[in-house]
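Read the structure below first, then the notes.
Take a look at the structure:
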């Protein structure tokens, strides 16, 4: 059999396997000197075998032949996992091939522009891409953009489809929506922030959905009935035919959600997928509207991807570990999922705001995967998911990458969390028939289980990498991290997270950024964290309280008297320990760090972070612009989760001092993106592609957003 690919990873595994076999005297020891000379990609195993020294004894030749046949079987068992084109070795690239970049975490719902109809959209994202290019930002990290549920605060990490995109993010302008014949304004035109449908600060998802769907339905009616769009209709129909089963499933699912009033399919009167599809078949017009929305989403996102590439700004997507139990995937492909268990994370001290999370852990309500069933078609579901994600993103983040090795699971749904909150383990076991939360498919209690978990995770991650060669991947590996995970991620060239105040050495000191592994992603937090400004001020407030009570002197506590004072001193010591870690990380002196958060502290902290050895470093937009907002509190629903909006627009951010500050910090950290010679020309060309036909509206829009190329005719 001819080898069709080469991969230093499988060669390394072969080499290690042979070394192990040599040590156990299963193959000749002299082969250890020939290990570097493995078969190349154009040479079959027989030719390699014949190249071996003739002095090899017959018995040794038989052993070697048997060994190579075994390796051949392994490669044929999972052929695509080991075949990576030498020009696109995404999983095994040299560390030196990667450019150090700085990024900003910028959820799409947070963005704001004039006439955005209450939520960030793709035109707003285009404006922030321009801002990022001007500020030398290498990548913009977005949260998942797949279709959301219909809750008041839908989580982007619990999508109702692994492929379908959320239409609320569509830009509603005549030059971006065929059938939208005039610019639709909010009631007051280009509204001020406090005049948006969502109010000044938060996205009101029900109002925004009603408003934007009303506009889109009107455009759809024009698109399908007016003769001027007849030339575009065949392109839409052709796109629908190319999509395959996922689009039909999603369109049916949306119809059924509307028909039965909920996406919780186990509450539907009809739960059989085949019979449910037969019901949805009577609503072909409504299904067509859903298909049209997905077509628009893909077309707008494709332009944004091209535009970002030309401006040399990478867009980082996000692939959650799971999909919602209330999703089209689970309803129509139920055989791929274990719906008896819900994935989540174990209890730990970092997210204890919610009582249930502090006691039991985070119950995300996502079904587990039946990996053995998925393997039967070479993991086609996962390959399709990665393929569609990388059509619109040049890099992506794997959420909760730990779940590919083993995932903490609950035998009850999140709706039952309040019932189980006060129960003991014994009482919980009585209600669940003896089942208790724990890691699936197995824990890390012994060496055998740890080795099996490592093998599983390595296999599943390799298949993700092989599904999109050449695409950079980052893994969110925070939480209870087994010791085998991060070495395996580095072997696969998947950077993991470095949260400085979580990287504490055995002697109790913080790890300097210069000691971080190059294959890592440095940040002071994720979307689940409060801002570093808030963390700092909370810690200093504990010290300040002790100082006011005379229980703190300089940098050390005084002897307390009584339990209440002991508690105050203990909290102050915790705060001082954290601030001391930050000060050591940033190289600050005591007289500097014993104060509230200020510009000097911010600069020192982010200089240290961005100058660390990590390949990527990022800052959340609230931390960058000194806005004390938190995007999500883990273990909680509702409130401000997934709703916080920026109080300003991209065109205003250009002149803000934080932008100049960021440009300086990036410039001093060797993370400035390489600018191509044709960047300005590419910018002009991209505007020509977006607006093939000039109208009064888009001409005005071009001039206002600085996209008009020197007044020349388009």
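In the numbering used here, the protein residues as written are 37 to 750.
Note that the Cβ used here is the ideal one computed from N, Cα and C, for glycine as well.
The criterion of a C-beta distance shorter than 7 Å is not satisfied by residue 626 and residue 571. Its chain contains 367, 368, 370 as the residues whose beta carbon lies nearer than 8 Å to that of residue 309, once the 5 sequence neighbours on both sides are disregarded; these appear in chain order. Put simply, the backbone Cα of residue 464 is about 36 Å away from that of residue 290. The beta carbon of residue 322 lies closer than 6 Å to those of 291 in the same chain, with the five residues before and after it left out. Runs of the beta strand (DSSP E) lying entirely within the region 283 to 355 and spanning at least 3 residues, in chain order: 350 to 355.
When secondary structure is reduced to three states using DSSP, residue 545 falls in the coil class, being assigned neither helix nor strand. Boundaries of the alpha helix (DSSP H) harbouring residue 695: 693 to 703, taken from the DSSP string. The count of Cβ pairs closer than 8 Å, one atom from the region 435 to 447 and one from the region 490 to 500, reaches three, so the stretches are in contact. For the options 481, 507, 406, 402, the alpha carbon positioned closest to that of residue 428 is the one of 507. Looking at the DSSP output, residue 572 shares a beta bridge with no other residue.
Annotation for residue 198: 359, 365, 421 place their beta carbon closer than 6 Å to its own, counting only its chain and skipping 5 residues before and after. A contact is defined here as three or more CB-CB pairs under 8 Å, and the region 297 to 309 fails this definition with respect to the region 328 to 338. The region 277 to 285 makes no contact with the region 337 to 346, as fewer than three CB pairs between them are under 8 Å.
Counting C-beta pairs with one atom in each stretch, the region 700 to 707 and the region 636 to 649 have three or more that are closer than 8 Å, which means they touch.
Boundaries for residue 516: no beta strand (DSSP E) harbours it, and the DSSP string shows neither H nor E there. For residue 557, no alpha helix (DSSP H) encloses it; the enclosing beta strand (DSSP E) starts and ends at 556 to 558.
Under the three-state reduction of DSSP, residue 438 is assigned to helix. Two segments are said to touch when three or more pairs of C-beta atoms, one from each, lie closer than 8 Å; by this definition the region 404 to 411 touches the region 372 to 383. By DSSP's assignment, residue 398 forms a beta bridge with 381.
Of all C-beta pairs linking the region 455 to 463 to the region 542 to 557, fewer than three are shorter than 8 Å, placing the two stretches out of contact. Sequence-distant partners of residue 610 (beyond 5 residues in either direction) whose C-beta falls short of 8 Å from its own C-beta, in its chain, are 575, 578.
In the DSSP assignment, no residue is bridged to residue 538. Closest option to residue 653, judged by alpha-carbon separation, among 153, 152, 608, 177: 177. Rounded to the nearest whole angstrom, the C-alpha separation of residue 556 and residue 254 is 47 Å. In this structure, residue 153 lies away from residue 260, with their beta-carbon atoms at least 7 Å apart. Under the criterion of beta carbons closer than 8 Å, residue 144 and residue 205 qualify as touching, at roughly 5 Å. Cα atoms of residue 256 and residue 668: separation of roughly 35 Å, rounded to the nearest angstrom. Judged by DSSP in its simplified three-state form, residue 624 adopts coil rather than helix or strand.
Residue 196 holds the alpha-carbon nearest to the alpha-carbon of residue 182 among 634, 196, 638, 504.
Residue 176 is bridged by DSSP to 140, 351. A Cβ-Cβ distance of about 35 Å is found for the pair residue 623 and residue 398, leaving them out of contact under the 8 Å criterion. Taken through DSSP and simplified to helix, strand or coil, residue 251 comes out as helix. 7 Å or more divides the Cβ of residue 142 from the Cβ of residue 207. Distance from the CA of residue 479 to the CA of residue 518, rounded to the nearest whole angstrom, comes to 10 Å. Taking 7 Å as the cut-off, the Cβ atoms of residue 138 and residue 185 do not count as close. If you look at residue 496, you'll find it in the alpha helix (DSSP H) that goes 483 to 503.
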